[in-house]
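Undergrad:
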Amino acid sequence: MKNLRTLPAAVTSIVVASPAQMPADRACIPPLGVKRLLLACLLSVCLSLASPVPSQAGELAAAWPTLAHPRESHIDEVGGQIRINGTPMRIVRVQAALPVDALASHYRQVLGQPHAESQAGGAQVLAQGRGNFFITITLQQLPDGGSEALVAVADSHGARAAAGRPLGLDIPAGTTLLSDMESADGGIASRQFVLANTHSLRVNLDRLSATLARRGLHPESPPVRGRNGALLQHFGGTSGQAQLVLMRHENQTHAVLTLLSRQP
3 MKNLRTLPAA
13 VTSIVVASPA
23 QMPADRACIP
33 PLGVKRLLLA
43 CLLSVCLSLA
53 SPVPSQAGEL
63 AAAWPTLAHP
73 RESHIDEVGG
83 QIRINGTPMR
93 IVRVQAALPV
103 DALASHYRQV
113 LGQPHAESQA
123 GGAQVLAQGR
133 GNFFITITLQ
143 QLPDGGSEAL
153 VAVADSHGAR
163 AAAGRPLGLD
173 IPAGTTLLSD
183 MESADGGIAS
193 RQFVLANTHS
203 LRVNLDRLSA
213 TLARRGLHPE
223 SPPVRGRNGA
233 LLQHFGGTSG
243 QAQLVLMRHE
253 NQTHAVLTLL
263 SRQP
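Each residue of the sequence shown is one higher than the last, beginning at 3 in this note's numbering.
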């Protein structure tokens, strides 16, 4: 089984939610950065859930929309098949030798009317609903004069179908689930939970380790103490691998738990 060090960049860029708190050899941040990736994804999820439910049954099986990208641009699929909080998503990163205004103009023409425009997190965002799907395009100028776009398509019908599904994980009492992200890429299935509670780092480590032990995953070595007191623990077993990052700030603990397994 591949471990976290050798996963493709597209997977690790999603798996590692807070690389600044982790040892340098574990961090892998794409040009747009994890925070911007999550911003684009979560914005697309929120807006897709607010869109109206299609009235015609034929729309429920509609094909995923595709967009024409600029010629000679570099295109990377991010994370393969992705679910964020139950919402199926497809994400593409586009790098072009164009200033960001020109890239935005290209996608305005591709989207057509109507579409919405806004600023979020210092990035320019274009958005459009198409039937069951909601498209967001997050644009950023690059230092070399080129630009980059993160194109996220969310399936709102798939999100509604997944509403209320069980978490499949025992978490400490009083814990809030901030994010639930799934990715399948290169034969590797990944699921990441971002959790928050008021328990200590040790309590979270003990209780989440016990949860993973019931899944056949056990610590591979003692936990690593990172910068700012963060804890990093790796787990392994016949069922797969796991990575747990724990961070304490202002009497609150955030846990980022990533589960990895091979797809059948």
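Quick reminder that beta carbons are idealized off the backbone N, C-alpha and C, glycines included. The structure presented is a predicted model; accordingly, all values stated were derived computationally and were not measured.
What are the start and end residues of each continuous beta strand (DSSP E) run of 3 or more residues lying completely inside the segment 181-266, in chain order?
TA: Within the segment 181-266, the runs of beta strand (DSSP E) that reach at least 3 residues and sit entirely inside it are, in chain order, 190-199, 233-239, 242-251, 254-264.
Undergrad: Roughly how many angstroms separate the alpha carbons of alanine 129 and threonine 89, rounded to a whole number?
TA: Within the sequence shown, the letter at position 127 stands for residue 129. Within the sequence shown, the letter at position 87 stands for residue 89. For alanine 129 and threonine 89, the distance between alpha carbons rounds to 17 Å.
Undergrad: In the DSSP assignment, the alpha helix (DSSP H) including leucine 105 goes from what residue to what residue?
TA: For this step, residue 105 is matched to residue 103 along the sequence shown. 102-113 is the extent of the alpha helix (DSSP H) around leucine 105.
Undergrad: For leucine 49, which three-state DSSP category applies?
TA: Looking up residue 49 in the sequence shown gives position 47. Here leucine 49 scores only 48 on pLDDT, less than 50, and its place in the model should not be relied on; the value that follows carries that caveat. Leucine 49 falls in the helix class under three-state DSSP.
Undergrad: Could you give the DSSP three-state label for histidine 76: helix, strand or coil?
TA: By 1-based counting over the sequence shown, the position of residue 76 is 74. Histidine 76: strand per DSSP, three-state reduction.
Undergrad: Starting from threonine 140, trace the beta strand (DSSP E) both ways and give me its first and last residue.
TA: On the sequence shown, position 138 is the one that residue 140 refers to. DSSP places threonine 140 inside the beta strand (DSSP E), whose first and last residues are 135-143.
Undergrad: Tell me the DSSP secondary structure of glycine 160 in three-state form.
TA: What you label residue 160 is simply residue 158 of the sequence shown in a count that begins at 1. Helix, per DSSP.
Undergrad: Suppose contacts are defined by Cβ-Cβ distances below 8 Å. Is leucine 141 in contact with valine 205 by that definition?
TA: What you label residue 141 is simply residue 139 of the sequence shown in a count that begins at 1. What you label residue 205 is simply residue 203 of the sequence shown in a count that begins at 1. No, these two residues do not count as a Cβ contact at 8 Å.
Undergrad: DSSP three-state call for glycine 170: helix, strand or coil?
TA: As a working mapping, residue 170 is identified with position 168 in the sequence shown. Residue state for glycine 170 is assigned as coil, using DSSP reduced to three classes.
Undergrad: Indicate the three-state DSSP secondary structure (helix, strand or coil) for alanine 59 in the structure shown.
TA: By one-based count along the sequence shown, residue 59 stands at place 57. Unreliable positioning characterises alanine 59 in this predicted model, as indicated by a pLDDT of 41, which lies under 50. The coordinate reading is nonetheless provided below. In this structure, alanine 59 counts as helix in the three-state DSSP scheme.
Undergrad: Cβ of proline 72 within 8 Å of Cβ of histidine 108?
TA: Here the question's residue 72 lines up with position 70 in the sequence shown. Here the question's residue 108 lines up with position 106 in the sequence shown. Their beta carbons are under 8 Å apart, which means proline 72 touches histidine 108 by this criterion.
Undergrad: Cα separation between glutamine 111 and methionine 91?
TA: Here the question's residue 111 lines up with position 109 in the sequence shown. Here the question's residue 91 lines up with position 89 in the sequence shown. Roughly 23 Å separates the two Cα atoms.
Undergrad: Give a yes or no on contact between the segment 259-266 and the segment 184-199, applying the rule of three or more CB pairs nearer than 8 Å.
TA: yes
Undergrad: Can you find the residues in the same chain that come closer than 8 Å, C-beta to C-beta, to histidine 117, ignoring five residues on each side of it along the sequence?
TA: Along the sequence shown, one-based indexing puts residue 117 at 115. Excluding sequence neighbours, histidine 117 sits near Arg110, Leu128, Ala129, Gln130.
Undergrad: Our contact map puts leucine 197 next to threonine 213 with C-beta atoms below 8 Å; I'd like the distance itself, whole angstroms only.
TA: The residue you call residue 197 lines up with position 195 of the sequence shown. The residue you call residue 213 lines up with position 211 of the sequence shown. So it is not a contact: roughly 11 Å between Cβ atoms.
Undergrad: Determine the direct distance from the alpha carbon of isoleucine 93 to that of phenylalanine 135, and round the result to whole angstroms.
TA: In the sequence shown, the residue the question calls residue 135 occupies position 133. In the sequence shown, the residue the question calls residue 93 occupies position 91. Between phenylalanine 135 and isoleucine 93, the C-alpha separation is close to 13 Å.
Undergrad: Could you check which residue in Met183, Gln243, Val153 has the C-alpha nearest to that of asparagine 222?
TA: Locating residue 222 in the sequence shown gives position 220, counting from the first residue. Correcting the residue type first, residue 222 is glutamate in the shown sequence and not asparagine. A check of alpha carbon separations from glutamate 222 across Met183, Gln243, Val153 identifies Gln243 as the nearest.
Undergrad: Quick one: what does DSSP say proline 90 is sitting in, helix, strand or coil?
TA: Working through the sequence shown from its first residue, we reach residue 90 at position 88. Note: proline 90 maps to strand in three-state DSSP.
Undergrad: Measuring only the C-alpha atoms, how far is glycine 188 from isoleucine 137?
TA: Against the sequence shown, residue 188 aligns to sequence position 186. Against the sequence shown, residue 137 aligns to sequence position 135. About 24 Å.
Undergrad: Would you mind stating whether leucine 248 and leucine 207 have Cβ atoms separated by less than 8 Å?
TA: Position 246 of the sequence shown, counting from 1, holds the residue named residue 248. Position 205 of the sequence shown, counting from 1, holds the residue named residue 207. Contact: yes.
Undergrad: With 16 as the cutoff for other CB atoms within 10 Å, does glutamate 74 come out buried or exposed?
TA: As a working note, residue 74 is residue 72 in the sequence shown. By the neighbour-count rule (16 or more Cβ atoms within 10 Å), glutamate 74 is not buried but exposed.
Undergrad: Between the alpha carbons of serine 181 and asparagine 87, how many angstroms are there, rounded?
TA: The residue you call residue 181 lines up with position 179 of the sequence shown. The residue you call residue 87 lines up with position 85 of the sequence shown. For serine 181 and asparagine 87, the distance between alpha carbons rounds to 6 Å.
Undergrad: Is it buried or exposed, aspartate 146, if we count other Cβ atoms within 10 angstroms and call 16 or more buried?
TA: Reading the sequence shown from its first residue, position 144 is the one you call residue 146. Flag for aspartate 146 reads exposed.
Undergrad: Let me check one thing: in DSSP terms, what residues is leucine 179 bridge-paired to?
TA: Position 177 of the sequence shown, counting from 1, holds the residue named residue 179. Leu197, per the DSSP bridge assignment.
Undergrad: Return yes when the Cβ of threonine 255 is within less than 8 Å of the Cβ of histidine 220, no when it is not.
TA: Reading the sequence shown from its first residue, position 218 is the one you call residue 220. Reading the sequence shown from its first residue, position 253 is the one you call residue 255. No.
Undergrad: Is it right to say serine 267 is buried, meaning 16 or more other beta carbons lie within 10 angstroms of its own, or is it exposed?
TA: Beyond the ends of the chain as shown, which are 3 and 266, falls residue 267; an answer cannot be given.
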